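Quick note: the sequence shown uses the numbering used here, first residue 1, plus one each step.
Cβ atoms here follow ideal geometry from the backbone N, Cα and C, with glycine treated the same way.
Bear in mind that the values here come from a model prediction, so they are computed numbers and not experimental data.
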Amino acid sequence: MRFIVYLIAGVLGGFLGGMGMGGGTVLIPILTIFCGVEQHLAQSVNLLSFLPMALLSLRVHSQNGLLDTKGVLWVILPAVALSVLGGIFVKGVSGGALKTSFGVFLCVLSVWQFYTGVKGVLAERNARGVK
């Protein structure tokens, strides 16, 4: 049964990761909630699975002309530097605190995505004159 849950986590995580939405948003909760994997380990599994997903997705996005390379170094350089600090920081954080902060982050992200999505749909409808 655990194999099936891992497979589902991989399928959902890979699909979302391929779309650029971050497979870890689904992979980490599945591993911790349904498989009982400790939070630190689940996040490590996510990081490891991210590498091949990112490389393949990057290639597909490039082939589809969906890469914008202007200003990308301004994103990459601080992200790489702070990822090292984040890795050092997380070592001293308890699994419960890490799980709670990740959950709060996902909740805030969900509300924001829902709000901006509805706002975008309403703006499109107004632009087309649909009531």
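Between the beta-carbon of Leu31 and the beta-carbon of Val45, is there less than 8 Å? yes
Do Gly24 and Gly14 count as a contact pair if the criterion is CB distance below 8 Å? no
Three or more C-beta pairs below 8 Å linking the stretch 33–43 and the stretch 83–101: yes
Cα-Cα separation, Leu135 to Gln63: With the chain covering only 1 through 131, there is no way to say anything about residue 135.
So, helix, strand or coil for Val130, using DSSP? coil
State yes or no: is the C-beta of Ser57 within less than 8 Å of the C-beta of Gly10? no
Is Thr69 helix, strand or coil by DSSP? coil
At which residues does the alpha helix (DSSP H) containing Met53 begin and terminate? 39–63
Roughly how many whole angstroms lie between the Cα atoms of Glu124 and Gly117? 11 Å
From Val80, Gly36, Trp112, Leu27, pick the residue whose C-alpha is nearest to that of Phe50; which is it? Leu27
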